[in-house]
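Number of protein chains: 2
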Amino acid sequence: MHVLKYLSAGVAMTLFSAQLLAAQTPITNSQKQTANQLIETALDSDLGYDIVESLTTEIGPRLGGSEAEKRARDWGVELGKELGFDKVSIEEFTMPFWDRGQLHISLTSPYQQDLYGSALGGSAPSKKGINADVVYFRDIHALAEVKAGALKGKIAFVDGDAMVKSQTGAGYSQANMRRRVGWQHAERGEASALVVRSVGSDSHRFPHTGMMSKNEDKWAKIPVIAISNPDADHLRRLHNLDKPLSISLHSESKWKSDVSSGNVILDLVGSEKPEEIVLIGGHLDSWDLGTGAVDDGAGVAITTAAAALIAKLPKRPKRTIRVVMFGAEEVGLLGAFAYAKQHEANLKNHVVATESDFGAQTIWQLVSNVNPEATVLMDEIAKILSPLGIVRGGSDVPGGGPDIIPMARMGVPTIRLNQNGRDYFDLHHTPDDTLDKIDPDELAQNIAAYAATIYLIADSDVKLK
Amino acid sequence: MHVLKYLSAGVAMTLFSAQLLAAQTPITNSQKQTANQLIETALDSDLGYDIVESLTTEIGPRLGGSEAEKRARDWGVELGKELGFDKVSIEEFTMPFWDRGQLHISLTSPYQQDLYGSALGGSAPSKKGINADVVYFRDIHALAEVKAGALKGKIAFVDGDAMVKSQTGAGYSQANMRRRVGWQHAERGEASALVVRSVGSDSHRFPHTGMMSKNEDKWAKIPVIAISNPDADHLRRLHNLDKPLSISLHSESKWKSDVSSGNVILDLVGSEKPEEIVLIGGHLDSWDLGTGAVDDGAGVAITTAAAALIAKLPKRPKRTIRVVMFGAEEVGLLGAFAYAKQHEANLKNHVVATESDFGAQTIWQLVSNVNPEATVLMDEIAKILSPLGIVRGGSDVPGGGPDIIPMARMGVPTIRLNQNGRDYFDLHHTPDDTLDKIDPDELAQNIAAYAATIYLIADSDVKLK
Chain A
1 MHVLKYLSAG
11 VAMTLFSAQL
21 LAAQTPITNS
31 QKQTANQLIE
41 TALDSDLGYD
51 IVESLTTEIG
61 PRLGGSEAEK
71 RARDWGVELG
81 KELGFDKVSI
91 EEFTMPFWDR
101 GQLHISLTSP
111 YQQDLYGSAL
121 GGSAPSKKGI
131 NADVVYFRDI
141 HALAEVKAGA
151 LKGKIAFVDG
161 DAMVKSQTGA
171 GYSQANMRRR
181 VGWQHAERGE
191 ASALVVRSVG
201 SDSHRFPHTG
211 MMSKNEDKWA
221 KIPVIAISNP
231 DADHLRRLHN
241 LDKPLSISLH
251 SESKWKSDVS
261 SGNVILDLVG
271 SEKPEEIVLI
281 GGHLDSWDLG
291 TGAVDDGAGV
301 AITTAAAALI
311 AKLPKRPKRT
321 IRVVMFGAEE
331 VGLLGAFAYA
341 KQHEANLKNH
351 VVATESDFGA
361 QTIWQLVSNV
371 NPEATVLMDE
381 IAKILSPLGI
391 VRGGSDVPGG
401 GPDIIPMARM
411 GVPTIRLNQN
421 GRDYFDLHHT
431 PDDTLDKIDP
441 DELAQNIAAY
451 AATIYLIADS
461 DVKLK
Chain B
1 MHVLKYLSAG
11 VAMTLFSAQL
21 LAAQTPITNS
31 QKQTANQLIE
41 TALDSDLGYD
51 IVESLTTEIG
61 PRLGGSEAEK
71 RARDWGVELG
81 KELGFDKVSI
91 EEFTMPFWDR
101 GQLHISLTSP
111 YQQDLYGSAL
121 GGSAPSKKGI
131 NADVVYFRDI
141 HALAEVKAGA
151 LKGKIAFVDG
161 DAMVKSQTGA
171 GYSQANMRRR
181 VGWQHAERGE
191 ASALVVRSVG
201 SDSHRFPHTG
211 MMSKNEDKWA
221 KIPVIAISNP
231 DADHLRRLHN
241 LDKPLSISLH
251 SESKWKSDVS
261 SGNVILDLVG
271 SEKPEEIVLI
281 GGHLDSWDLG
291 TGAVDDGAGV
301 AITTAAAALI
311 AKLPKRPKRT
321 IRVVMFGAEE
331 VGLLGAFAYA
341 KQHEANLKNH
351 VVATESDFGA
361 QTIWQLVSNV
371 NPEATVLMDE
381 IAKILSPLGI
391 VRGGSDVPGG
401 GPDIIPMARM
411 GVPTIRLNQN
421 GRDYFDLHHT
431 PDDTLDKIDP
441 DELAQNIAAY
451 AATIYLIADS
461 DVKLK
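Taken in order, these protein sequences are the chains called A and B. Residue 1 is where the first sequence starts when you use the working numbering, and the numbers rise one by one after that. Residue 1 is where the second sequence starts when you use the working numbering, and the numbers rise one by one after that.
Structure representation (structure tokens):
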């Protein structure tokens, strides 16, 4: 009706506008209606919370390569069938297994006090236990300057600072240097062990575990232990009082023989272009200290629930929607590399890929790394997500999520629904990552955003590459 | 000058008013001015924070009867001398010593998962370790109904709920029943061990330790372990799914031979009535899991700093101000009972007693349990405290603080400067009770209130009994 009104202004003008309109709105009214319906349904649904509750309660912690992670895969398969996915499978791969074992760590001078620590992933065992004087380093830069052999018979402690809380998680990579490569400097100094301030933004007595980086295929030969922020504060205060510090520690962690892990694949087969794949997912494994609720039970729940809501629509979207529950992410993106390798020949048919792996707080931004025509599509999707409090961001998409990195490097376009990460590094890799930290309403907002976004991309003809 | 102005209105009337005024304002202008000056100085001072930083850093955790608690007494003596107290002494007493030792506790069915627990004070050792099926009790009332012998070979788990956060700490006594007497019901049932939901208002993976109650001089013969609220939630969810639960635990905690503890006494000797004592204090010992910052390094710091500020005045107040750093509070008010016994003959000269032992958040209320004339004095003091955000409360003074209970029972009048306890039971008796949890400004507000209040009582002639 409105169009008729403008016809009098000249046919050429009207045709031009209509073309412009078509280019600007690559989403049909019917698709828009469906997306809005998905949002409404998601916001009213407990499905996502039920999934993460089930995973954390019935499976518990699930370290990459463990028996628990295998139970989680079986759980994922059963869940996929229950929720009406068309194809459900496990793709196994082999991986080296790092076992945490027991740890005791305490201050022994100037007095006896337990420290709250955890071995970092890849840490070596202490064998008989170590009791040694501590050499204090204010930060990783100070440790990086240590001379060869200068730490012989000592335990190095690398301090630093608690991470500043931020929406985007800025500061993680920088803080993470002490966790990732601190051991290489400590070993050059011939230290008996390295103790590091945890990489986290909280002030609770929880260590933050996490994987170290290899040095040209070599893992640390010394124990490397992260201690909580309050414990690190304590050591710093004692150091500043010129108190001589010594620490006793015994860690059993070590590498064991290779084990199986795997990715769980749940497909909603596309109705028109089944070979084109819109890939979403989270990682199924978790660190062993908590129950992996926020990292990344939430991501598994968000993406599985979003696809399950789409599965309830009268008709499958044109393209295939694939949920991947990646295995062994925490211990080195092993599932991600296995997926990229296994599907290498078919990655050209992966329309887009994205992962939810930044907690369970609300999504605030949609970013994309796609071609100009697809950018218009993403702009339109962002408008539909706007009532959820989501704004459109630029092309700042670091790989679409950790498990997407390998396939992004191989050319798969990525988008990301950025979550508010303000509290994420309070919990990240700690014993405190448990179900009670998830707000069901915030989780539902995530599912609403994923359901609408993924549906609209999967039902579109727009190429994203 | 002002009085002269009113003389014309009639001598009788003026005299009556003056009398009324004297009854209503038992505080002189000069005293009021001094109190205000103390408040101002306290709010600008770091002394309290420096004291609690020193105690938690240089001494660390200090379990009642431990070598660390002895170091804390020496620290207290040194501090008292430095701060200009007139008399500084230690009053020793003998006490039984409970040693925590190591604990391992994990879920073993339906799968392996570490639980975050701590032995409760008075808990018995497990000897060789226990691995047993769990019998779930929704709360202490359900456990209280258990029949004799009904738990043979089992581990009882008594659930309950996280404490509701409140300004006053309401709900602690009720929640604490499972910690205090749960073991008696479990032993009647012949359980191998008792696991209890921690008594705390947080949702962090920290157990809350604390002392159990004796049963007619008998301590528990079984291990009794508190687990964190998130762990208890986890067990409840598994129980609600009808999963069979079993737990493995090994605890080394046990009673050892008697040891020495002591109270540290710091006196500012009164200038006119040195025999009359205004007693304030906190407890020097702490639980061993944290560093006892909030419980009760804060109380020691608040009361010591308040008295130290009064010590800087040009003249000592009329009455003696005594700071007591009580020993072995956590393990049964042992220092408090020792003090009351040792000073029994002189308690009649204790004008008033009060303790700071409810954390480090701001004071919001002044309550008192004193005679009517002294009530007027307290009303006037409350007016002076009003700019600090403190209101006057009634006579709801449960003993003036834990360590005041024994002497209050023996007739010593009490007051209390009630702190906001909203977050207190998040940290209470956990590993997370560390210095970073104290806000220096809130601590300074406490010191301001104590300094003004204690000065005004000590410089008064009003009897409080």
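Cβ coordinates follow ideal geometry from the N, Cα and C atoms, glycine included. Just so you know, these numbers come straight off a predicted model, no measurement behind them.
For glycine 160 of chain B, the closest Cβ of chain A is not nearer than 8 Å. Around the beta carbon of glutamate 67 of chain A, a 10 Å sphere encloses fewer than 16 other beta carbons of the protein chains shown; the residue is thus reported as exposed. Looking at A:Thr34, A:Arg319, A:Ala132, A:Ala148, the one whose alpha-carbon comes closest to that of serine 109 of chain A is A:Ala132. A distance of 8 Å or more separates the beta carbons of glutamate 272 of chain B and isoleucine 27 of chain B. Put simply, the CB of proline 440 of chain A is far from chain B, with every gap to its CB atoms at 8 Å or more.
Looking at A:His234, A:Met410, A:Glu145, A:Ser89, the one whose alpha-carbon comes closest to that of lysine 437 of chain B is A:His234. Assignment of asparagine 36 of chain B by DSSP, reduced to helix, strand and coil, places it in the helix class.
Taking the Cα positions, glycine 117 of chain A is about 8 Å away from histidine 208 of chain A.
Against glycine 60 of chain A, the close residues of chain B are Tyr111, Gln113, in the order they occur along the chain (beta-carbon pairs closer than 7 Å). Nearest C-alpha to histidine 428 of chain B among B:Thr320, B:Gln445, B:Leu289: B:Leu289. Within the region 129-168 of chain A, the complete beta strand (DSSP E) runs of at least 3 residues fall at 130-137, 155-158.
The three-state secondary structure of phenylalanine 337 of chain A, taken from DSSP, is helix. For alanine 360 of chain A, there is no enclosing alpha helix (DSSP H), as DSSP gives it neither H nor E. Shown here, methionine 325 of chain B sits in a strand according to DSSP, grouped into three states.
Here tryptophan 75 of chain A has Ser54, Leu55, Glu58, Ile59 as same chain residues with Cβ atoms under 8 Å from its own Cβ, once five neighbours each way along the sequence are excluded. Taking 8 Å as the cut-off, the Cβ atoms of threonine 354 of chain A and asparagine 420 of chain A do not count as close.
For threonine 57 of chain A, the neighbours in chain B by C-beta distance under 8 Å run, in chain order, His234, Arg237, Leu238, Leu241. At the C-beta level, methionine 163 of chain A and glycine 171 of chain A come within 8 Å of one another. Contact annotation for proline 431 of chain A against chain B: Tyr116, Arg205 [CB-CB distance below 7 Å, chain order]. When Cβ pairs closer than 8 Å are counted between the two stretches, the region 216-224 of chain A is seen not to touch the region 133-152 of chain A, the count staying below three.
Per DSSP, the unbroken alpha helix (DSSP H) holding leucine 309 of chain B starts and ends at 298-311.
By the Cβ neighbour-count rule, threonine 414 of chain B is buried, with 16 or more other Cβ atoms within 10 Å of its own. When A:Ser286, A:Ile265, A:Lys70, A:Lys318 are compared, the shortest CA-CA separation from threonine 304 of chain A is found for A:Ile265.
A direct Cα-Cα distance of roughly 11 Å separates leucine 268 of chain A from leucine 309 of chain A. One thing to note: glycine 122 of chain A has its Cβ within 8 Å of the Cβ of methionine 212 of chain A. For alanine 301 of chain B, the nearest beta carbon of chain A is not closer than 8 Å to its own beta carbon.
Listed in chain order, the non-local C-beta contacts of glutamate 252 of chain B below 6 Å within the same chain comprise Gly101, Gln102, Pro125, local neighbours out to five positions each way being set aside.
Non-local C-beta neighbours of aspartate 459 of chain B in its own chain, meaning closer than 7 Å and more than five positions away in sequence, comprise Gln31, Pro317, Lys318, ordered along the chain.
Assigned with DSSP and collapsed to three states, proline 96 of chain B falls in strand. With at least 16 other beta carbons inside 10 angstroms of its own, serine 356 of chain A counts as buried. Chain-ordered, the chain B residues with CB closer than 8 Å to the CB of aspartate 436 of chain A read Ser203, Asn229, Pro230, Asp233. Against chain B, the CB of alanine 119 of chain A has no partner CB under 8 Å away; the residue lies outside that interface. Take the alpha-carbon of proline 61 of chain A and the one of isoleucine 457 of chain A: they are about 34 Å apart.
DSSP places tryptophan 183 of chain A within a helical segment (H, G or I) once states are collapsed to three. Fully contained in the region 221-294 of chain B are the following alpha helix (DSSP H) runs of length 4 or more, in chain order: 229-240. Between leucine 443 of chain B and glycine 169 of chain B, the C-beta gap is not smaller than 8 Å, which leaves the two residues out of contact.
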